[in-house]
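For the record, in the sequence shown the residue sitting at position 53 is 53 according to this note's numbering, with numbers rising by one throughout. A virtual CB, placed ideally from N, CA and C, is assigned to each residue, including glycine. Keep in mind that this is a model prediction, so the values were computed, not measured. A short write-up of the structure that comes next.
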Amino acid sequence: MRVKNQVAGSIILCDYGQVLAAFDRSLCAKEFEKRLGRPIPPAGVRLLEELLGPFEAGAVSPEAFLGELRDPLGFKHSFEEHEFRLAWCSILWPLEETVAIMRKWKARPGVEVHIVTNTDPWRLAYASSHLGLGDLFTAYTASFEDGMVPKGQCSTMWAEARRRAEAKCGHYSPLVIGVDDLEANLKPALDDGTLDHGIVFKDAAQLDQQLQLLHGLADRT
Numbered sequence: 001m002r003v004k005n006q007v008a009g010s011i012i013l014c015d016y017g018q019v020l021a022a023f024d025r026s027l028c029a030k031e032f033e034k035r036l037g038r039p040i041p042p043a044g045v046r047l048l049e050e051l052l053g054p055f056e057a058g059a060v061s062p063e064a065f066l067g068e069l070r071d072p073l074g075f076k077h078s079f080e081e082h083e084f085r086l087a088w089c090s091i092l093w094p095l096e097e098t099v100a101i102m103r104k105w106k107a108r109p110g111v112e113v114h115i116v117t118n119t120d121p122w123r124l125a126y127a128s129s130h131l132g133l134g135d136l137f138t139a140y141t142a143s144f145e146d147g148m149v150p151k152g153q154c155s156t157m158w159a160e161a162r163r164r165a166e167a168k169c170g171h172y173s174p175l176v177i178g179v180d181d182l183e184a185n186l187k188p189a190l191d192d193g194t195l196d197h198g199i200v201f202k203d204a205a206q207l208d209q210q211l212q213l214l215h216g217l218a219d220r221t
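Here's what the structure looks like:
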C-alpha cells in the first residue's frame with residue numbers, strides 16, 4: 001500500500017444507529033412481553049410511535065416520556081418502568097467489526113472521533129452501560145440536546161459536532177468526515193461545507209477503505 005499525501009489531522013463524525021450498533025424496533029415489543037409478562041396494548045403501541053420523534057428531538061423529557069406512558073402501558077410499580085426502559089433499549093446491538101474499525105481510527109494520532117446521533121437519552125446511555133461502547137462515546141452530539149435539529153433536516157448537528165471536536169483537539173481540522181448510513185442525513189452538511197466528505201456506510205470494510213483513501217493512506221488507482 002503506497003502512502004500518498006497523508007493528512008496530518010482529521011475529525012470523524014460518526015453515526016450511532018446502523019453504523020456502530022444495529023437496531024430492530026420490533027424487538028421492543030417482544031422484550032416488553034418477555035420482561036413484563038404481557039403484551040403492549042394497541043393504544044400503547046400507537047403512543048410509542050407518536051412519542052418516538054419528540055423523545056429523540058428533546059421535545060419530551062425522559063420523565064415526561066414515562067409519565068405519558070405510565071397508564072397506557074399499565075405500570076403499577078417502579079420496577080416495571082425499569083424493565084420497560086431496558087426493553088426500549090434492547091433493540092440495539094453492537095456491530096463489532098465497525099466498532100473495531102472506529103477504535104483503530106480513534107487511536108491514531110491527530111484523529112478525533114465524535115458521535116453524531118438522532119436518538120433519545122436512554123438509548124444513548126445504553127451504548128456505554130450495556131453495549132460496551134463507552135470509549136467511543138466520550139464525545140457526542142445528540143438530537144435531544146437543546147438547540148439541535150435532527151440530522152437530515154439541516155446541518156445544525158454536524159456543525160455543532162465539528163465545533164465541539166475542534167474545540168477538544170484545539171485547532172481547525174483540515175479534514176472533517178461524516179459517516180452515516182443515510183445519505184440524506186449527510187447531504188445538508190455536505191451542501192453547506194460543514195463536512196468536507198461524507199461516507200454512506202455499508203459495512204466495516206468499506207468504511208475503513210474510504211477512511212484510508214481520504215487520509216491519503218491508500219492508492220486511489
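Own chain, CB closer than 8 Å to residue i, minus 5 neighbours either side, in chain order
| i | result |
| --- | --- |
| Leu20 | Cys14, Pro94, Leu95, Thr98, Val99, Met102, Ile115, Ala127, Leu133 and Leu136 |
| Pro54 | Val60 |
Residue i to residue j span [Cα, whole Å]
| i | j | result |
| --- | --- | --- |
| Ala159 | Ala189 | 8 Å |
| Ser78 | Val179 | 38 Å |
| Trp88 | Gly198 | 30 Å |
| His215 | Ala22 | 26 Å |
| Thr117 | Lys187 | 15 Å |
| Glu50 | Pro109 | 44 Å |
| Lys4 | Phe84 | Only weak support exists for where Lys4 lies, its pLDDT of 44 falling under 50; the coordinates are left without a value. |
Buried versus exposed call for residue i [16 or more other C-beta atoms within 10 Å across all chains shown]
| i | result |
| --- | --- |
| Glu63 | exposed |
| Gly150 | Per the sequence shown, the amino acid found at residue 150 is Pro instead of Gly. Pro150 should be labelled buried. |
| Ser143 | buried |
| Arg2 | In this predicted model, Arg2 has a pLDDT of only 36, less than 50, meaning its place in the structure is not dependable; the value taken from the coordinates is given anyway. So Arg2 ends up on the exposed side. |
| Glu56 | buried |
| Tyr172 | exposed |
| Ser155 | buried |
Contacting residues, own chain, Cβ-Cβ under 7 Å from residue i (five flanking each side not counted)
| i | result |
| --- | --- |
| Val113 | Ile12, Cys14, Met102, Trp105, Lys106 and Leu136 |
First and last residue of the uninterrupted beta strand (DSSP E) at residue i
| i | result |
| --- | --- |
| Leu13 | Ser10 to Cys14 |
| Ile199 | His197 to Val200 |
| Phe32 | Per DSSP, Phe32 belongs to no beta strand (DSSP E); it is in the alpha helix (DSSP H), Leu27 to Leu36. |
| Thr141 | Tyr140 to Ala142 |
| Glu112 | Val111 to Thr117 |
Where the alpha helix (DSSP H) through residue i begins and ends
| i | result |
| --- | --- |
| Leu176 | As written in the sequence, residue 176 is Val, which differs from the Leu given in the question. No alpha helix (DSSP H) holds Val176; the beta strand (DSSP E) holding it covers Val176 to Asp180. |
Please give me, in chain order, every unbroken run of the beta strand (DSSP E) with length at least 3 that falls completely inside the segment 56 to 108.
92 to 94
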